[in-house]
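The next block holds one structure in the form of structure tokens; read it before the comments.
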């Protein structure tokens, strides 16, 4: 109820401005009453507006930002290496999906900086709508810096935006695990990336990132001191076979990502052998973890202790080549 | 030495009072009390104009609507030759006789007797041959009120020679005196004169048995008229238009069948009489059908207009209040209405007068029940009503003369202030 | 998208202020914790192709031959339709009645029917203006038939009424002569709430006072529990008896339609949304409107409200024999409006909107407000009332003693004369109804102007009879004190005051139910 009027009139029914502000929680999020929880609206496919970030000025600005600020920063804080970027010459002009394991906030900038500029200029990074786009500032800044687009990882109404982007010739970076790894080991790949590739008919470029977890795991806002090593390795494009099941395709993708990780830490040949032996058991192995035989000892075995997975993941990548990673 | 209020000739004051109270009705009380050409003076007792005159010392004197109109300059210029300045207002008087007097019918009143005064100054008071009206007992219609051995003046309270009720002493002719029984207290006796007027109105309205009557206005005139209509006619249904709460209560106490708010007057009459209501493009609604007799007791243009618009074709509209303002008389013409005036009372009218035909049988019954004051005259009946009607509280406030401004202010807003009749007590000291 | 059903909210700390209608105004109100709020189901999607649905209904009626087969050359065809009292607010053009009438006329023209008349079934309601009729039937129909063959029913035109007979309960059945003497009467209805339609259409819509008085009286209304449930309403039982008698004399083809809950234009759609789902814009708009309307001059405010046209969608068209058709209609209405509520409460709170069935393009005077609150909203239940016996009802309405002389002349007199005498429905019925019903001026205005019949305010009061009988206390929040007192109620300045006032009846800690309406919500109280 409103207090007595300004001139001392009787109180009126209804709310004063202050009560309305408090009642509607202006400046906060609106809440759903407990008894109405069962009757919530289905979460609306709320699209954070990101189209502006794909306009030419934003692309130019982004290139300038990544090459002029982000790349020097990465080199200052880390020791990055890149391998296999030439695969993008193979796929030509058509759009591709880049899938990678995901263990750190470094992953997206590392991957983007590793991409050839021509590819990078038309690449968007899919990012969890609930994490990156709930906050206006975080949404705007990541959309600018990395060309992120929101995808829904909690279910709900699927957005058509990723598919539309592929059809428009944009490349997508997808982390099929859906979230950063807790312990450095690769998590289960969700089906979204495979489904997108199969639906849009675009090839998938697998990539493995090693050392990012060791450099800046969850919960850290800046890499560890000492310029830790990180490596990015791209593999050959993979296409979904005719009538291939999305699950099977996704399994192929995850196996290839794992293999690339092993390749990065050992050699191509060793990785081929290791992946042949461990095919189908890759559900919780970190890329490059072949060095630890018990982890791949056989099907159905209990996962190794958490400390060991972390231990593996934080093992610094040995330098394979010494040349500058940003030269092709 | 006698103290009294005097209305004197003062053009600026008169004009100021008239303009202010006419243009700004809200300020009329201020106009009346500060601009009115009225003053409190000390003079010698008025001289007795001739034989048959006697000095009366007022005990209470009422403030009438016509007094207020005069004081605020709202009354018509028509009256100007009928009064003589300066005069002391006040014609609703109950007072003591200074000396003994013998009335025309041979009754002897001792000195100190209480009397009420019939204010009309007709042929008898002026020492003239009786004009035909006075001879017939209808002194209110006297044609000689400007001649004779008195200054012009239609009533006591408008004549320079007689004095008036708003003073400590005045003179009255023995034909004007009506003795007051000891049982009647002053507060009731002071209402006898207005009651007599009301009885006269009820007679002039010629209400037939079973008639439906509307009284517009619930000031002292309206309420007392209601009493008279109830007591001396066989009206079937009496409706009163009242604005203020106290008036509504009194109207119900005085026997109104229905009390309507002013804005519901047309609607209420329509309901009760199942008339058709029409809305002109401009101006108030009116009825086809309505009451048989409407009595305007407010004397404003709107009250008369209401009365005219809610009376059935061939009905009668009675003007009781002092009329003011102009009114569209089309309904009078189109509905073939009778417009009837009523002024003061007929001092000597007797039962059976065909022109003042109050129902004889009814009046007799009332008289028997009320102890025999009722000789059929307006004053006789008024005395009977004053004794029996539930009049307690009608005299709402008594003021000494010295506080006349306050008294007039109170009287001008009487309805809103829950008052009916305001009176002066000239003997009281401030 | 899936439509969410209605539900009962329990006010907790997280509940934002809730919207309460208050005549020509809106109020945001914080209800005490634990208050139950009854929300209607969301608007159902309309049928995709209304014209096809109508054609299908006319071609495949319930328990009746297709309309096409009932039409033949040389016959007398009469089409009657509901007047402007439904739907509320008015429907954006084209009105569903127009679409149906056009199809019926198309069929009639194809069959070679010449003698066709259209009658607005306004019973004792006011005559509609030409523009109002045109809004309902559409320009094409209007131009073809107005004014000779398209007109308002006149319940006082003795020459044009026909006494059909008397039911086994002794009720006179008297309806419009033209309709009664037709070879086929097509009745086109909008079933806005469960009270409408069925045998209420012809035996009441086209009847005379002589016939209507049998079911519109304080006795039947107090026994109609509720009149929104025709199986438990004495008024409907009487109408049903009349309808069955009528069906023996007259071929009636009923077309009934139901609408969804989209009773406000899109611009104001937040009025039908749940408050915690309001966007900041909705919240600001609601608050701004609640404040702005309260300081707005009444004339533009009234125009603003009465110019609203609802974006209703048609959720069903049903045709055929009256009773079978009506069962389908009611089921459709219930789908949109019925909410299960668990048990009664001590206090029922409702906010009265700006319009009721009887003040379209007019003022909701205190009597209509009473009818709206204690009549319509109180009766929006099936089974048991939402409030317990001798509980309290709190209504939001300004109850301004303002009357339309054009539309409600008898209401003015009812308010000043009848209610001053008594507020008991039975008493005023005995003492005053006949006088008002036969008053020549009211009859004159009903027949020639746009006034409700003289007896209509009595019916409004009878509508509220069940509520008055059931309730122990009635308090109006924000109501005009004198007007409320005249009607035998009390006025409070705020909800807190109102709860304080009813604490004598229901105690300090009563259970409260707020019926969140409009849009229409009907509680199925278990």
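Chains as they are written, first to last, in this note's numbering: chain A, 145 to 472; chain B, 1280 to 1709; chain C, 161 to 686. Yeah, the Cβ is synthetic: ideal placement off N, Cα and C, and Gly gets one too.
Query	Result
Neighbourhood of residue 217(C) by C-beta distance below 7 Å, restricted to the same chain and skipping five residues each side	415, 477, 478 and 479
Helix, strand or coil at residue 1624(B) [DSSP, three-state]	coil
Residue 1659(B) versus residue 1288(B) - alpha carbon distance	37 Å
Neighbour flag for residue 164(A) against chain C, beta carbons, 7 Å	yes
Closer than 8 Å at the beta carbon, the chain A residues around residue 637(C)	157
First and last residue of the uninterrupted beta strand (DSSP E) at residue 242(A)	241-244
Members of the region 553-578 of chain C that neighbour chain B once the beta carbon cut-off is set at 8 Å	565, 569, 572, 573, 576 and 577
Paired residues, beta bridge with residue 277(A) - DSSP	DSSP output for residue 277(A) lists no bridge partner at all.
Any chain A beta carbon closer than 7 Å to residue 167(C)	yes
With 16 other Cβ atoms within 10 Å as the buried cut-off, status of residue 1703(B)	buried
Secondary structure, alpha helix (DSSP H): runs of 4+ residues fully inside the region 460-498 of chain C	482-497
Neighbour-count burial assignment, residue 1535(B), 16 or more Cβ in a 10 Å radius	buried
Segment contact flag, the region 235-245 of chain C with the region 271-283 of chain C, C-beta cutoff 8 Å, min 3 pairs	yes
Any C-beta of chain C under 7 Å from that of residue 192(A)	no
Residue 1557(B) versus residue 1569(B): straight-line alpha-carbon distance, rounded	12 Å
Chain A contact residues for residue 397(C), given Cβ-Cβ distances below 8 Å	Chain A residues near residue 397(C): none, gap ~37 Å exceeds 8 Å.
Of the residues 679(C), 657(C), 684(C) and 227(C), the one placed nearest residue 158(A), counting alpha carbons only	657(C)
Distance, residue 435(C) Cα to residue 175(A) Cα	10 Å
Residue span of the alpha helix (DSSP H) that contains residue 1545(B), given as start and end	1544-1552
Proximity of residue 318(A) and residue 241(A) at Cβ, strictly below 7 Å	yes
Contacts that residue 1751(B) makes with chain C (C-beta to C-beta distance below 8 Å)	Residue 1751(B) lies beyond the stretch modelled for chain B, which goes from 1280 to 1709, so this question has no answer here.
Chain-order list of residues whose beta-carbon lies under 7 Å from that of residue 1413(B) (same chain, five-residue window excluded)	1401, 1402, 1403 and 1421
Contact check, residue 1501(B) vs residue 1438(B), beta carbons under 7 Å	no
Three or more C-beta pairs below 8 Å linking the region 502-509 of chain C and the region 531-547 of chain C	yes
Burial state of residue 360(C) (16 or more Cβ within 10 Å)	buried
For residue 1664(B) and residue 1409(B), the rounded distance between their alpha carbons	30 Å
CB contact flag (residue 182(C), residue 516(C), <7 Å)	no
Straight-line Cα distance separating residue 1530(B) from residue 674(C)	46 Å
As assigned by DSSP and simplified to three states, the class of residue 223(C)	coil
Any chain C beta carbon closer than 7 Å to residue 1543(B)	yes
CB contact check: residue 303(A) to chain C, cutoff 7 Å	no
Endpoints, beta strand (DSSP E) assigned at residue 395(C)	Taken as a continuous stretch (DSSP letters only), residue 395(C) belongs to no beta strand (DSSP E), being part of the alpha helix (DSSP H) at 394-407.
Cβ of residue 183(A) within 7 Å of any chain C Cβ	yes
Residue 647(C) vs residue 555(C) beta-carbon contact at 7 Å	no
Three-state class that DSSP yields for residue 326(A) in the structure shown	coil
Spatial distance of residue 1443(B) from residue 528(C) (CA atoms)	58 Å
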